[in-house]
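From first to last, the protein sequence lines are chains A, B, C and D. Here the working numbering = 1-based position in the first sequence + 65. Here the working numbering = 1-based position in the second sequence + 13. Here the working numbering = 1-based position in the third sequence + 188. Here the working numbering = 1-based position in the fourth sequence + 74. Note that beta-carbon positions come from the ideal geometry of N, C-alpha and C, so glycine has one too. For reference, the structure discussed in these notes is given below.
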Amino acid sequence: MTHLLSIVVAAPVVAAAILLCLPGSARVAVRVVSLLGATLSLAASVAVAWAYDRAAGGLQLVEDYALVPPLGIHLRLAVDGWGVPLLLLTGIIVVTGVLASWSVAKRDKDFFVLLLVLVAGVFGVFVSQDLFVFFLFYEIAVLPMYLLIGIWGASHEVPAAGPFRFAWRRFAVGGKEYAAMKLTLMLLVGSAAILVAMFLLWNEAGARTFDLAVLEGTRFSLTTQHVAFPLLWLGFGSLAGVFPFHTWSPDGHASAPTAVSMLHAGVLMKLGAFGVMRVGMVLLPDAAVVWAPAVGAVAVINILYGALCAAGQTDLKYIVAYSSVSHMGVVMLGAATMTANGWNGAVFQMFAHGIMTGLFFALVGIVYERAHTRTIARMGGFAHPLPAVAAFFTLACLSSLGLPGTAGFVAEFLVFVGAGQGAHAWWVVPGVLGAFVTAVYVLRACKTIFWGPPPTGEFAELADVRGTEWGAPLVLGASLVVFGVWPRFLLDYIDVASVAFLSRFPALP
Amino acid sequence: MTTPALLAVIAVCAPAAAALLLVLAPALRRQGAPAAVACIAASLASLGAALALALGRSPGEPAVRHVVPWLQAGSRTIAEVGVHVDGISAAMLVVVTLVALCVQVFSVAYMRGEARRGFGRYFAYHALFLFSMNLLVVAPNLLQLFVGWELVGLASYLLIGFYFAKPSAARAAVKAFWMTKLADMGILVGLVVLFVSTGSFEWTATPEPAVATAVTLLLFLGVMGKSAQFPLHVWLPDAMEGPTPVSALLHAATMVAAGVFLVVRAHPLFELAPTTGDVMLWVGAVTAAFAAGLALVQTDIKKVLAYSTCSQLGYMVAALGAGSAFAGFFHLGTHACFKALLFLAAGSVIHAVHSNELAEMGGLRRRMPLTAVAFGIGVLSLAGVPGLAGFFSKDLILTELEGRAGWVPWALLLLTAFATAFYMGRVFVLAFLGAPSARAGHAHEAGLAMTGPLIVLAVPSAVAGFFGGGLAAYVGASYEPHFGLTPLLASTLALAGIVAAVLVYGRGREVAFADALRRLDRAGAVDRAWKLLYSSALLWLSGVLGWFDRYVIDGLMNATGFATLEAGSAVRVVQTGRVRDYALAVVAGAILLSLWGVLS
Amino acid sequence: MTLENCILLATLLFAIGVYGLLTRRQAVAMLLCVELMLNASNLVFVAFARHAGGPGQILAMFALAITVAEVAVGLAIVLLLYRRHGHTAVDAASEARE
Amino acid sequence: MTVDIAFWVAAAAMVISALFVVRSANLVHAVLWLAVTLLGTAVVFALLDAPFLAGVQVLTYVGGVVTLMVFGVMLTQRHDGSVASASNVQSLRGAAAAALLFTLLLVALLRSDLPSSAESLAPDTAELARTLLDEHLIAFEVLSLLLLAALVGAVALARRGDDERGASGLPRARPRARGEAE
């Protein structure tokens, strides 16, 4: 029995605990400890990937600690084929996120403590095999976000308009507190739905256990499945940005500080999709098959709607945030196909989009720190002073629009193939159309920001990437290319789980 | 791995290594010169490998294949990557690497004025392009071709936008990417359809006829984008914002011909779909005629060549539509040589006079005799003057079209042949004959780095046509030049076109219908239509949806929050804050509960 | 000493407690009345445990412990109230509103 | 028979003392009357075969709670010794509510078919201890947490006013709530 998974989850917690003991004035020590904790998690994740036997599949590296025996709650850690790439993703994003937050000035110790706690929650979700603990970690991952955005975020004006402008009387729409509150509330409403569904399953399984393996062994009644699945879909889906519960994402991501945006769009949204697939679809196969058309149709809306909304934005962070909504639609589309290729593509897209959007937000952070604006119309010619930023931004754009050779292509292509093989082949067309609209808005943004005559005036003396800022672009950019050129490394992990889970769907190929 | 496979791998990987080196070693790249050395060395290696590969093959030899699984999940292989060497890919590889090497050597001189950083960046892009193009050429299946296809698109985007400080260049780069990406959606969907119906992306896949029609139509959509077919051609003239050598390599000789190459490659599939063939025939013919018409009135030398490229690609597509893959492929090869030659010669001129405008040139034949001769060979070859390369391939196409679709495409292309000769004659007259303009007076021939490639390319542009039979045997087709009515008509028209151009423009006149064409060009109806679609449909929709999301969807969420807060305020009245009231409420609750218990 | 008698006694005590709770003004007095009511409920628990079995005594024990906690916090609040207002008449205090 | 007599005596004492608790004007007296009621309860517990609970009742209630109450009363009485008089303004409403509740419960009691067992079903102390620490362990632990929280809370609340008091130890004329300042 190894303790690798414990290390993955505990390293950020321990680092956070050490941080609490450090004086707030020890600025370098705070950062170094955070970085060490994050790096240890990443290293352990890599070790997990190394130790996981891809041929055997199933749950591996199991650790089991009884938490509350009377209720059958165990801290049961194990990793399956889907978990490995997501652990790697989280590790990569965390390390680069810490590096990208090097310049946080305000209450930096608290910032890093919350960041690490959040990360521990994310890791926990991916490795817990007990639904209750899964949910517990899920909440741990969601809640620090409120403080992180509320304290360290940025506000902006949203003029009152539209049929619901009376609501502006009550709260300052666009403010960071507003964004934090909206994000937290919407996700908590989702959590409530999840909780209901969870206890429904617990009750019907009757084994007084939340163990996912046991629940998987239970064939729930159709009624239960049909009640629980939509609850789980919308509950987890609200975190995955499923239309129309995506509106926390643009405001939240736009308000959040760089590392938080990276983590949230890069990793937390994946928790939602992972939950829909791992808990919703795998535990409730009969309902999943019936609901798949709805899931897929909404995913298609997500893809096109998100992409079109992104094309209409003027704020750089909003563009990236809406692109996340669009790309998470690809994940959900892959999930809805109920095919091995589609599911592989969905999980691969979680990874690819996580890295890609992490890179985007890191670069936006770098640009914002220098130019103090995120309005793309005010920028122009930034490739002259910021060639490295321009290069990496272009790379992220290319992955975003699914250029072969980047991870984004592999993911989208697998999803499209899966959709073609699935019951609703027409999903391919809007999916591909979404990729085109993505090309339109990312390249336009890229052109507006970076191309054109050299900037003058306030932007003339911008400094290129330096010091620890190199961390995020280098690591994330390299990951995009490496996994795009060599997708097999991840696909082998993902596939073994997809195939095993799909075997629970007897009526399907 | 067999020797041919190894050679092909070298041809692909040498530029890849150069590109990787230049990306990973920014210090090297920023110095400029080492980047050019690395890039050209890689191209030399590629050319060497390609030549060894092509010469080492005897005609009719079976294809050599070496693949490794790429997109593999568990035990299921979705797609492989590797090399597929047969006559077509070997010949194409030679053409691509030869032109690329010439263009790169030419670029060393042409781009000398560039800052070091830019110089290095330029050659890094070139290495990336050559890698992508070779990857595309040796693709063992449709998916790898698509990968290369998209990557050459990327290289094209980067190279068109090379002068990114110029807003027009930036716009042109993005436009090129968008237009080709729009078309590539067809390929992507086609790939999915093909895979779903046959389970592979192989060249030999044989789906049912209906599926084959769908797949080929979708693939052809992509071809229309990449090979600039009407109405998706609008990006190509704009792409001339890139450096001239780039236009020669990507937007004349190789990249834009990738669409034609795709159809040649996937010929077995296209043979299953006669409907697609008809569509291609018409699209090709219309493109050829339309672009030739617009080429007549361009004042920018590169724009003339760009529309000419469009037009010639139309020839190739029409040939493919007529079912003659070899005719298309043959014209692809000859066109690559003479169009690259024309562009490089034009580049040489532009380098000398610092302008693209034909009006700024004139009388250059004295100051730049070598360039004039090279350009002249290109003009004659393109016009299809008997004996030169263009003559053979163009006549083959026209012969293939005889009797097709009521002779209309044939007639259109014949007319285009005349127009081609006429507009190329016009360019030659305006640039090289007559009296020199103010700028042209100081022009002079550049060094060997620029003239060398011109000489190298002029040779095949002149004589390649005589190897048509050999090429046909090499790729496993049959070709026998015959001299019937069509070649006679075509060569007569070609000569007539040139003579007419000399007669008209040599005397400083203008043809009567030029005004009409110029108006058509200015109106840019197709371009306008796309712009309208972009700004009025896409941007409008995105603006509306953005508003809708912010104020309706999100507004609903805000309204929910608002309602909750208001309800809270309303209910708050009962909270008096006095303990006794709360106690009374508790007791009242207890009474109600027990009442319920008693009554039930 | 039947179950009925015990419950009757408990009910009576509870009603007296309710009466006191609603009539007394000082916070401490109200606490005393709450004690009375809790005590009455404990009586019911124990009586049921005697006559019908079940975990009545355990519940009574828990109730006892909770009562102690309640008294501690309650008295602390009373003390605070006194320091703020100089008296412990609850009607005058309405801070719970905000 | 003896048991019955003991019960009725205890019951009568409890009711009477309870009435004094709610009616007595002097708070100290009221607390002492409460002690009598609680002691009566202890007796009834003992009669109901719950000797352990009877002991606990005496120890915690009579010994602990009542003492605490006395302290509380003494700490909050005015220094001049006068007693804040209990107002009977709302006694009618209180009496009505109490009577209504009592009647309802009485009706419920009369209509119920209550079990009655001749021999005791109450657990002995050993059994009680085992159930408490086995079956109800979580509740027990949670309860201990609650007690801790109450302890901390009580200390925090009681100390809160310290810094607001004037030098004399008497409350200021118009004390300001700390919460308002923040």
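Check: In terms of DSSP beta bridges, what is arginine 78 of chain B paired with?; Outcome: B/His97
Check: Please return the same chain residues whose Cβ sits closer than 8 Å to the Cβ of serine 368 of chain B, not counting the five positions on each side in sequence.; Outcome: Met374, Arg452
Check: At least one CB of chain D closer than 7 Å to the CB of alanine 251 of chain C: is that the case?; Outcome: no
Check: Taking lysine 382 of chain A as the query, report the chain B residues whose CB atoms sit under 8 Å from its CB, ordered along the chain.; Outcome: Those do not exist, as lysine 382 of chain A stays about 14 Å from chain B at its closest Cβ, beyond 8 Å.
Check: Over what stretch of residues does the alpha helix (DSSP H) that includes glutamine 486 of chain A continue unbroken?; Outcome: 472-486
Check: Just mark valine 93 of chain A as buried or exposed, buried being the case when its beta carbon has 16 or more other beta carbons within 10 Å.; Outcome: exposed
Check: Identify whether histidine 273 of chain C lies in helix, strand or coil by the three-state DSSP scheme.; Outcome: helix
Check: Are the C-beta of valine 587 of chain B and some C-beta of chain C separated by less than 7 Å?; Outcome: no
Check: Spatial neighbours of tyrosine 176 of chain B within its chain, please: C-beta separation below 6 Å, excluding the five flanking residues on both sides.; Outcome: Ala182
Check: Note the first and the last residue of the continuous beta strand (DSSP E) segment covering alanine 130 of chain A.; Outcome: The displayed chain sequence assigns tyrosine, not alanine, to residue 130 of chain A. 125-133 is the span of the beta strand (DSSP E), which, as asked, contains tyrosine 130 of chain A.
Check: Taking a cut of 7 Å between CB atoms, which residues from the region 191-213 of chain C lie near chain B?; Outcome: Val206, Leu209, Leu210
Check: Examine chain B for any beta-carbon lying closer than 7 Å to the beta-carbon of valine 497 of chain A, and answer yes or no.; Outcome: yes
Check: Return the Cβ separation of valine 96 of chain B and valine 22 of chain B in integer angstroms, given the expectation that the two are a contact with Cβ distance under 8 Å.; Outcome: 6 Å
Check: Valine 482 of chain A and phenylalanine 208 of chain B look like a contact to me (Cβ under 8 Å); what is the Cβ gap, rounded to whole Å?; Outcome: 6 Å
Check: Between tyrosine 370 of chain A and glycine 485 of chain A, what straight-line distance do the alpha-carbon atoms span, to the nearest angstrom?; Outcome: 21 Å
Check: How long is the line joining the alpha carbons of arginine 234 of chain A and glutamate 222 of chain A, rounded to whole angstroms?; Outcome: 14 Å
Check: For a cutoff of 7 Å on Cβ pairs, would you count phenylalanine 208 of chain B as touching chain A?; Outcome: yes
Check: Compare the C-beta of leucine 605 of chain B with all C-beta atoms of chain D and state if any pair is closer than 7 Å.; Outcome: no
Check: What residues in its chain sit with their C-beta under 6 Å from that of threonine 283 of chain A, if we drop five residues either side in the sequence?; Outcome: Ala270
Check: Name the chain C residues whose beta carbon is nearer than 9 Å to that of valine 600 of chain B?; Outcome: Val206, Leu209, Leu210
Check: Do leucine 212 of chain A and leucine 277 of chain A have their C-beta atoms within less than 7 Å of each other?; Outcome: no
Check: Mapping the DSSP letters down to three states, classify tryptophan 217 of chain A as helix, strand or coil.; Outcome: helix
Check: Just to confirm, are phenylalanine 343 of chain B and glycine 481 of chain B a CB contact at a threshold of 7 Å?; Outcome: yes
Check: Spell out the partners DSSP gives leucine 140 of chain A in its beta bridges.; Outcome: A/Tyr130
Check: Looking at the unbroken alpha helix (DSSP H) that takes in methionine 143 of chain D, where does it start and where does it end?; Outcome: 140-150
Check: On a CA-only basis, which of D/Asn100, D/Gly227, D/Glu201, D/Leu184 is nearest proline 242 of chain C? Give me that one, please.; Outcome: According to the sequence displayed, residue 242 of chain C carries glycine and not proline. Looking at the Cα atoms, D/Glu201 is the closest of the given residues.
Check: What distance in whole Å lies between the Cβ atoms of tryptophan 147 of chain A and arginine 343 of chain A, which are believed to be in contact at a cut-off of 8 Å?; Outcome: 7 Å
Check: Would the region 430-442 of chain B count as touching the region 297-309 of chain B if we require 3 or more Cβ pairs under 8 Å?; Outcome: yes
Check: Quick check on arginine 273 of chain A: does DSSP put it in helix, strand or coil?; Outcome: coil
Check: Using a Cβ-Cβ cut-off of 7 Å, state whether valine 611 of chain B counts as contacting chain D.; Outcome: yes
Check: Can you tell me whether threonine 464 of chain B is buried or exposed, with buried defined as 16 or more other CB within 10 angstroms of its CB?; Outcome: buried
Check: Between A/Met210, A/Ala324, A/Gly345, A/Asn406, which lies nearest to glycine 487 of chain A when the distance is taken from Cα to Cα?; Outcome: A/Asn406
Check: To the nearest angstrom, report how far apart leucine 551 of chain B and aspartate 197 of chain B are at their CA atoms.; Outcome: 18 Å
Check: My output table needs one value for serine 193 of chain A: the three-state DSSP class, helix, strand or coil.; Outcome: strand
Check: Just the C-alpha distance for tryptophan 492 of chain A and alanine 362 of chain A, rounded to the nearest angstrom, thanks.; Outcome: 8 Å
Check: Which bits of chain B does alanine 182 of chain D rub up against, with CB to CB less than 8 Å?; Outcome: Ser607, Gly610, Val611
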